[in-house]
Amino acid sequence: MKHIILFGLMTFMIPNFNAQKSDLSLKKAFQDKFYIGTAMNLEQINRTDKKSVEIIKKEFSSIVAENCMKSMYLQPKEGQFFFKDADTFVEFGEKNKMFIIGHTLIWHSQAPDWFFVDKEGKNVSPEVLKQRMKNHITTIVSRYKGRVKGWDVVNEAILEDGSYRKSKFYEILGEEFIPLAFKYAQEADPNAELYYNDYNEWHLGKVKTVTQLVKDLKSKGIRIDGVGMQAHVGMDTPSIDEYEKAILEYAESGVKLNITELDISALPSPWGTSANIADKVAYDEKMNPYKNGLPKEVQTQWEKRYEDFFNLFLKHKESIRRVTLWGVSDNQSWKNDFPIKGRTDYPLLFDRQFKAKPVVGKLIKLAEESN
350 MKHIILFGLM TFMIPNFNAQ KSDLSLKKAF QDKFYIGTAM NLEQINRTDK
400 KSVEIIKKEF SSIVAENCMK SMYLQPKEGQ FFFKDADTFV EFGEKNKMFI
450 IGHTLIWHSQ APDWFFVDKE GKNVSPEVLK QRMKNHITTI VSRYKGRVKG
500 WDVVNEAILE DGSYRKSKFY EILGEEFIPL AFKYAQEADP NAELYYNDYN
550 EWHLGKVKTV TQLVKDLKSK GIRIDGVGMQ AHVGMDTPSI DEYEKAILEY
600 AESGVKLNIT ELDISALPSP WGTSANIADK VAYDEKMNPY KNGLPKEVQT
650 QWEKRYEDFF NLFLKHKESI RRVTLWGVSD NQSWKNDFPI KGRTDYPLLF
700 DRQFKAKPVV GKLIKLAEES N
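Going by the working numbering, the sequence shown opens with residue 350, and the numbers climb by one from there.
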């Protein structure tokens, strides 16, 4: 938009510098760097949340389903698959030419109880669990072969100290369940990218075990293309240096990095509280300090934190395949009410009115200035 000012016979076109460029978007700014993505919930997948859908189409080049592709939703009863929501999700991604991610094939949480037990409620044999894993993975990956471009094959199997999580998968099959899952996925779609995904992935013990896992899979001829770093981070932890060291370690193991579930909480860390009821009430209040919005100084610090992380991602763009936000707007974030009911958080790039926060423009500028 321009204003026209006449001086005698001369006409001057004065640009309106307050007008926003309609073609500016995260998707366009990062198109030569890495995919920029978001998680989609059911309201977005089914197009009932129209404001979010418009943001997703304009701003993001990759999508992942927040819940509907987890095993408890896809196969709630053995042999009975429910594909309606997942089909709609994949169709949305295809229609909008997005890099589609499947999340997640094997995860101890949000898995149906039948997966691990027989008719008497006892643990199934290793042979039965292997067959159930193979059937689940093969059925799903084959259905979306060539359409879903990358799969979180195994999710959250390693603890921060580097030990294996004592899940039902581990209890019945031991460490073998991870290479088996990747083998089944690779057989079902040889061209899809295959990832291991986890949180707190900068902890030294976890970095050591995951990088060794990558090397072990490769030594067995089993393909793993990437490691997913969930990046649910706070204002202070982890440090940028800690995160960079983890990126370098994973890249050195010969895989691409995916920043898979990025959100930055502006709230104080909630871990640790007293059993005393009076203390707990006071503690809960202390852990929810910004009920009506972030103070300006906190907002500034929060924006700087996002800029620091994106500067890091751009620095290592050769090693990073994708950066995915875990949601679109603050009102939809899982960080609200977690882990204390009533908490109000502001971890995403769009506010509760679905408006882009100032940090969006800053991230676009960072991308445009990056070589």
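Quick reminder that beta carbons are idealized off the backbone N, C-alpha and C, glycines included.
Because the structure is a prediction, the values reported are computed rather than measured.
> Considering only C-alpha positions, which residue in the set Gly442, Lys706, Phe687, Lys635 is nearest to Lys645?
Replying inline: What you label residue 645 is simply residue 296 of the sequence shown in a count that begins at 1. When each option's Cα is compared against that of Lys645, the closest is Lys706.
> Taking the Cβ atom as the reference point for each residue, do Arg692 and Pro619 lie within a distance shorter than 9 Å?
Replying inline: Here the question's residue 692 lines up with position 343 in the sequence shown. Here the question's residue 619 lines up with position 270 in the sequence shown. Yes, the pair counts as a contact, with Cβ atoms nearer than the cut-off.
> Closest by CA to Leu454, which one among Ile486, Pro617, Phe438?
Replying inline: By one-based count along the sequence shown, residue 454 stands at place 105. The shortest Cα separation from Leu454 among Ile486, Pro617, Phe438 belongs to Ile486.
> Taking only runs of the alpha helix (DSSP H) that begin and end inside the segment 392 to 441, which ones reach a length of at least 4 residues, in chain order?
Replying inline: 399 to 408, 420 to 423
>> Rounded to the nearest angstrom, what separates Pro461 and Lys426 at their Cα positions?
In response: For the purposes of this step, residue 461 is taken as the residue at position 112 of the sequence shown. For the purposes of this step, residue 426 is taken as the residue at position 77 of the sequence shown. Cα to Cα, Pro461 sits roughly 8 Å from Lys426.
> Cα-Cα, which of Val672, Lys446, Lys640, Arg492 is closest to Thr387?
Replying inline: The residue labelled residue 387 in the question sits at position 38 within the sequence shown. Here the closest residue by C-alpha is Val672.
>> Under 8 Å, with one C-beta from each stretch per pair, do the segment 574 to 581 and the segment 599 to 615 reach the 3-pair mark?
In response: Flag = yes, the segment 574 to 581 and the segment 599 to 615 touch.
> Residue ranges of each beta strand (DSSP E) run of no fewer than 3 residues wholly in the segment 571 to 598, ordered along the chain?
Replying inline: The qualifying runs are 575 to 578.
>> So, under 8 Å CB-CB, Tyr544 and Val576 are touching, yes? Tell me the CB distance rounded to an integer number of Å.
In response: Taking the sequence shown and counting its residues from 1, the one referred to as residue 544 is at position 195. Taking the sequence shown and counting its residues from 1, the one referred to as residue 576 is at position 227. Correct: roughly 7 Å between the Cβ atoms.
> Do the CB positions of Thr558 and Gly523 come within less than 9 Å of each other?
Replying inline: On the sequence shown, residue 558 is found 209 positions in, with the first residue counted as 1. On the sequence shown, residue 523 is found 174 positions in, with the first residue counted as 1. The answer is no: Cβ separation not under 9 Å.
>> DSSP three-state label for Thr673, please.
In response: In the sequence shown, residue 673 corresponds to position 324, counting from 1. When DSSP states are grouped into helix, strand and coil, Thr673 belongs to the strand group.
>> Tell me which residues share the same chain as Leu562 and place their Cβ nearer than 7 Å to its Cβ, disregarding the 5 neighbours each side in the sequence.
In response: In the sequence shown, the residue the question calls residue 562 occupies position 213. Around Leu562: Ile527, Tyr545.
>> Within a Cβ cutoff of 6 Å, which residues of the same chain sit near Ile669, ignoring the five residues on either side of it in sequence?
In response: Walking along the sequence shown from the start, residue 669 turns up at place 320. Hits under 6 Å: Phe383, Leu606, Phe662.
>> If I measure Cβ to Cβ from Tyr519 and keep anything under 7 Å in the same chain, skipping five residues before and after, which residues do I get?
In response: Here residue 519 corresponds to residue number 170 of the sequence shown, with the count starting at 1. Counting only Cβ-Cβ distances below 7 Å, and skipping sequence neighbours, we find Tyr513, Phe526.
> In three-state terms, what does DSSP make of Asp633?
Replying inline: Walking along the sequence shown from the start, residue 633 turns up at place 284. Helix at Asp633.
>> Can you confirm whether the segment 549 to 556 touches the segment 501 to 510 when touching is taken to mean that 3 or more C-beta pairs between the two stretches lie within less than 8 Å?
In response: With the cut-off at 8 Å, the segment 501 to 510 and the segment 549 to 556 touch.
> When burial is assigned at 16 or more other CB atoms within 10 Å of the CB, is Lys684 buried or exposed?
Replying inline: By one-based count along the sequence shown, residue 684 stands at place 335. Counting C-beta atoms within 10 angstroms of its own C-beta, Lys684 has 16 or more neighbours from the protein chains shown and is therefore classed as buried.
>> Please list the terminal residues of the continuous alpha helix (DSSP H) segment that includes Thr693.
In response: What you label residue 693 is simply residue 344 of the sequence shown in a count that begins at 1. Unbroken run through Thr693: none, as it is neither H nor E.
>> Considering only the alpha carbon of each residue, which of Phe379, Lys400, Ile571, Asn472 lies closest to Met389?
In response: The sequence position of residue 389 within the sequence shown is 40, counting from 1. The shortest Cα separation from Met389 among Phe379, Lys400, Ile571, Asn472 belongs to Lys400.
> In chain order, what residues of the same chain lie with their CB nearer than 6 Å to the CB of Asn504, ignoring the 5 residues before and after it?
Replying inline: Counted from its first residue, the sequence shown places residue 504 at position 155. Closer than 6 Å at the Cβ level, and outside the excluded window around Asn504, lie Thr453, Trp456, Asn546.
> Got a sec? Which residues, its chain only, sit under 7 Å from Phe415 by beta carbon, not counting five neighbours each side?
Replying inline: As a first step, residue 415 is located in the sequence shown; it is residue number 66 there, counting from the start. What sits at residue 415 in the sequence shown is Glu, not Phe. Answer for Glu415: Ala388, Met389, Asn390, listed in chain order.
> Beta carbon of Glu312, beta carbon of His665: below 9 Å?
Replying inline: Limits of the chain in this structure are 350 at one end and 720 at the other, which puts residue 312 out of reach.
>> So the candidates are Lys479, Ile394, Ala530; which of them puts its Cα closest to the Cα of Trp500?
In response: Residue mapping note: residue 500 aligns to position 151 of the sequence shown, counting from 1. Ranked by how close their Cα comes to the Cα of Trp500, the residues Lys479, Ile394, Ala530 have Ala530 in first place.
> Roughly how many angstroms lie between the CA atoms of Val466 and Gly451, to the nearest whole one?
Replying inline: As a working note, residue 466 is residue 117 in the sequence shown. As a working note, residue 451 is residue 102 in the sequence shown. Approximately 26 Å between the Cα atoms of the pair.
>> Tell me which residues share the same chain as Phe366 and place their Cβ nearer than 6 Å to its Cβ, disregarding the 5 neighbours each side in the sequence.
In response: What you label residue 366 is simply residue 17 of the sequence shown in a count that begins at 1. Residue placement at Phe366 is poorly supported in this model, since its pLDDT is 34, which falls under 50; the coordinates still yield a value, given next. So the list is empty, once near-sequence residues are dropped.
> Who are the Cβ neighbours of Asn395 in its own chain at under 8 Å, not counting the five residues just before and after it?
Replying inline: As a first step, residue 395 must be located in the sequence shown, where it is residue number 46. Closer than 8 Å at the Cβ level, and outside the excluded window around Asn395, lie Asp434, Thr437.
> Should Lys444 go down as buried or exposed, given a rule of 16 or more other Cβ atoms within 10 Å for buried?
Replying inline: Taking the sequence shown and counting its residues from 1, one reaches residue 444 at position 95. Lys444 comes out exposed.
> Taking just the CA atoms, how far does Glu469 sit from Tyr599?
Replying inline: Reading the sequence shown from its first residue, position 250 is the one you call residue 599. Reading the sequence shown from its first residue, position 120 is the one you call residue 469. The alpha-carbon atoms of Tyr599 and Glu469 are separated by roughly 43 Å.
>> Let's test the definition: count the other Cβ atoms within 10 Å of the Cβ of Gly676 and tell me whether it reaches 16, buried, or not, exposed.
In response: Indexing the sequence shown from 1 puts residue 676 at position 327. By the neighbour-count rule (16 or more Cβ atoms within 10 Å), Gly676 is buried.
>> Given this structure, state the Cα-to-Cα distance separating Ser410 from Tyr655, to the nearest angstrom.
In response: Your numbering for residue 410 matches position 61 in the sequence shown. Your numbering for residue 655 matches position 306 in the sequence shown. The straight-line gap from Cα to Cα measures roughly 19 Å.
> Cα-Cα, which of Lys714, Asp372, Ser614 is closest to Phe687?
Replying inline: Residue 687 sits at position 338 when you count from the first residue of the sequence shown. Minimum Cα distance to Phe687 is reached at Ser614.
> Can you name the start and end residues of the beta strand (DSSP E) that Phe448 belongs to?
Replying inline: The residue given as residue 448 occupies position 99 in the sequence shown. Under the DSSP assignment, Phe448 falls in the beta strand (DSSP E) whose first and last residues are 448 to 456.
> Nearest to Tyr533 by alpha carbon, out of Asp574, Lys564, Phe441, Thr488?
Replying inline: Within the sequence shown, residue 533 is the residue found at index 184, counting from 1. Per the Cα distances, Thr488.
> DSSP puts Met389 in a beta bridge; with which residues?
Replying inline: In the sequence shown, the residue the question calls residue 389 occupies position 40. Ala414.
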